[in-house]
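**Student:**
In the numbering used here, the protein residues as written are 1 to 489.
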């Protein structure tokens, strides 16, 4: 094996041992060359798999406390078997996988997040293609005002936890350094030997205001700009979810739905995870939410989606779904949406093309991502299943195209469900998956699940009283949100 010590990280050396170009072992040494740890295989190549990655987030009291807040308002003891209970528990079950990662047990951690993704994929396809109105209140007991106050309290707690957790990673560092390069009109792509230029240009542009407020000092420090950006994206997502609820329903019903969406986002542990570690994934969630908020305008929703695609590329796969709108079959509106997407996306890329042109841009971003070897995924830890990866890729692309034409008519709830399904389907075959990516589909999943419920009981259906004296007539009456079968002779 060939040895080298390419990394000096504050107070330690990372010494690598490679064989045939593949990193097989890494040792950590302190300033006195005392061995701090030795890792082999995947744990040598990916330091986040060694346990303790989340720092403060790894506290069981914090995770369990937020999990209880996440599910609490939506529990209906009168209907213990309602599907929403299972849906929310499945979302929380990402925590089982993460718990194994927390202890450095990589293989079970990886194998346990795939069943969750597959359940959510199936559930979103069902909600998108076979929608139904579910009985009972979404939030059985808590009034709307209490939900909104709770969202403010949770938002404050999330901000405090972000500030208290001093962990920053390559995602945060890359975003801040890229913003500094944008502001100083330096080449954004093709100049990073550490592949910190792998994101779309709008990721770095979005960080510019925060880097100006908290300038990068040229070192990998606490990166206050990354903390500020993550907090801003999170707060704007919360506001966007309240607005989305009002787009999905009119009047007080919409406000209540928006409050429920914002509460669930604020209390879900895995939206807190990325915020506490100051990643840039919250930017994707924010832009996707505002794509739905602006759904009534073809040009606006196309522009918002283009911004998301110009930040992290994958949301661009939602274009067929978003361009199709509610299935109006209006060619002009679809063309307007697609045209707005193309103009915004092309302009964002053109503004920051490197001297090497499109080829250098591709090699630095999507091309580099596609060339990475598998690490935190099924394809890295399980032999004999490699043939499934290209099959899953083809199915994901096919689904992204299919939802552009089917179903023929769709509500905004169905659009959210199908958008979540496409996003999850494209994540499944990835060589690298991580819990940060949950926020890419979490707001869409929540909108799809909550949109199936009315917060207030539906109005009684009109009854036809004719013929009751001559025959037995079966009719239905809606009472407190439940349908009862009554027979009158």
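Ideal Cβ placement from N, Cα and C applies to all residues, glycine included. Predicted model only: the values in this text are computed from it and were never measured.
Do you know offhand how far residue 381's Cα is from residue 431's?
**Tutor:** Whole-angstrom Cα-Cα distance: 11 Å.
**Student:** On a Cα-Cα basis, can you pick out the residue from 423, 370, 355 and 429 that is closest to residue 387?
**Tutor:** For the residues 423, 370, 355 and 429, the minimum Cα distance to residue 387 belongs to 429.
**Student:** For the putative contact between residue 52 and residue 58, defined by C-beta atoms under 8 Å, what is the C-beta separation to the nearest angstrom?
**Tutor:** Indeed, because the Cβ distance is near 6 Å, the residues count as touching under 8 Å.
**Student:** Assuming the contact rule is C-beta atoms closer than 8 Å, residue 288 and residue 269 should be a hit. Round their C-beta distance to whole Å, please.
**Tutor:** Rounded, the Cβ-Cβ distance is 20 Å, inconsistent with contact.
**Student:** Go through its chain and collect everything with a Cβ distance to residue 266's Cβ below 7 Å, but skip five positions before and after it.
**Tutor:** Cβ neighbours of residue 266 beyond the five flanking positions: 151, 154, 155, 158 and 238.
**Student:** As an exercise, report each continuous alpha helix (DSSP H) stretch of at least 4 residues that is fully enclosed by the segment 75–139, in chain order.
**Tutor:** Whole alpha helix (DSSP H) segments, 4+ residues: 83–92, 94–102 and 106–129.
**Student:** Taking 8 Å as the cut-off, decide whether the C-beta atoms of residue 263 and residue 73 are in contact.
**Tutor:** Closer than 8 Å, so yes.
**Student:** Can you tell which of 401, 36 and 409 has its C-alpha closest to the C-alpha of residue 13?
**Tutor:** Among 401, 36 and 409, the Cα nearest to that of residue 13 is on 36.
**Student:** Output the boundary residues of the alpha helix (DSSP H) element that contains residue 290.
**Tutor:** Run containing residue 290: 281–293, per the alpha helix (DSSP H) assignment.
**Student:** Consult DSSP for residue 24 and reduce its assignment to one of helix, strand or coil.
**Tutor:** Looking at residue 24 - three-state DSSP - the assignment turns out to be strand.
**Student:** Mind reading off the beta-carbon distance from residue 175 to residue 204? Whole number of angstroms is fine, and I expect it under 8 Å.
**Tutor:** So it is a contact: roughly 7 Å between Cβ atoms.
**Student:** Can you round the beta-carbon distance between residue 348 and residue 206 to whole angstroms, since I take them to be within the 8 Å contact cut?
**Tutor:** Not really, about 11 Å apart at Cβ, beyond 8 Å.
**Student:** Write down every uninterrupted run of the alpha helix (DSSP H) in the segment 183–248 whose length is 4 residues or greater and which is fully enclosed by it, in chain order.
**Tutor:** With a minimum length of 4 residues, the continuous alpha helix (DSSP H) runs that stay inside the segment 183–248 are 201–206, 208–213 and 224–248.
**Student:** Per the contact definition of three or more C-beta pairs closer than 8 Å, is the segment 231–250 in contact with the segment 121–129?
**Tutor:** No, the segment 121–129 does not touch the segment 231–250.
**Student:** Please state whether the Cβ-Cβ distance between residue 278 and residue 226 is less than 8 Å.
**Tutor:** Cβ atoms of residue 278 and residue 226: closer than 8 Å.
**Student:** Run through DSSP, which three-state label would residue 13 get?
**Tutor:** Of the three classes helix, strand and coil, the one that applies to residue 13 here is strand, per DSSP.
**Student:** In terms of alpha-carbon separation, which member of 11, 21 and 280 lies closest to residue 32?
**Tutor:** Measuring from the Cα of residue 32, the nearest candidate turns out to be 11.
**Student:** Are the segment 316–332 and the segment 399–418 in contact at 8 Å, needing three or more beta carbon pairs?
**Tutor:** Touching, yes.
**Student:** May I have the straight-line CA-CA distance separating residue 15 from residue 300, to the nearest angstrom?
**Tutor:** If you take the alpha carbons of residue 15 and residue 300, they lie about 51 Å apart.
**Student:** What residues in its chain sit with their C-beta under 6 Å from that of residue 4, if we drop five residues either side in the sequence?
**Tutor:** Taken in chain order, the residues that qualify are 16.
**Student:** Between residue 451 and the rest of its own chain, which residues show a CB-CB distance below 6 Å, the 5 nearest in sequence each way excluded?
**Tutor:** These residues qualify, in order along the chain: 248 and 413.
**Student:** Just how far apart, CA to CA, sit residue 86 and residue 442?
**Tutor:** Looking at the two C-alpha atoms, the distance is approximately 16 Å.
**Student:** Opposite residue 453 in the DSSP bridges: which residues?
**Tutor:** In the DSSP output, where bridge partners are listed per residue, residue 453 has 134.
**Student:** Which residues mark the beginning and the end of the beta strand (DSSP E) in which residue 40 is found?
**Tutor:** Segment 35–40, the beta strand (DSSP E) holding residue 40.
**Student:** Taking the beta carbon of residue 211 as the centre, do at least 16 other beta carbons fall within 10 Å, making it buried, or is it exposed?
**Tutor:** Buried: at least 16 other Cβ atoms inside 10 Å.
**Student:** Tell me where the alpha helix (DSSP H) around residue 265 begins and ends.
**Tutor:** Per DSSP, residue 265 belongs to the alpha helix (DSSP H) from 251–267.
**Student:** Would you check if the distance between the CB atom of residue 98 and the CB atom of residue 435 is smaller than 8 Å?
**Tutor:** Yes, Cβ-Cβ distance for residue 98 and residue 435 is below 8 Å.
**Student:** Measuring alpha carbon to alpha carbon, tell me which residue in 43, 244 and 273 is nearest residue 437.
**Tutor:** Nearest of 43, 244 and 273 to residue 437, Cα basis: 273.
**Student:** Expressed to the nearest angstrom, what Euclidean distance is found between the alpha-carbon atoms of residue 88 and residue 71?
**Tutor:** Roughly 7 Å between the two C-alpha positions.
**Student:** Could you pull the DSSP bridge partners for residue 18 from this structure?
**Tutor:** Answer is 2 and 23.
**Student:** State buried or exposed for residue 271, treating a residue as buried only when at least 16 other CB atoms are found within 10 Å of its CB.
**Tutor:** It counts as buried.
**Student:** DSSP on residue 29, reduced to helix/strand/coil?
**Tutor:** Reduced to three states, the DSSP call for residue 29 is strand.
**Student:** Do residue 276 and residue 162 have their C-beta atoms within less than 8 Å of each other?
**Tutor:** Going by C-beta atoms, residue 276 is nearer than 8 Å to residue 162.
**Student:** Let me confirm a value: residue 358 is counted as buried when at least 16 other C-beta atoms fall within 10 Å, else exposed. Which label applies?
**Tutor:** Exposed.
**Student:** For residue 439 versus residue 420, is the C-beta distance shorter than 8 Å?
**Tutor:** No.
**Student:** On a Cα-Cα basis, can you pick out the residue from 60, 125 and 281 that is closest to residue 418?
**Tutor:** The option with the nearest alpha carbon to residue 418 is 125.
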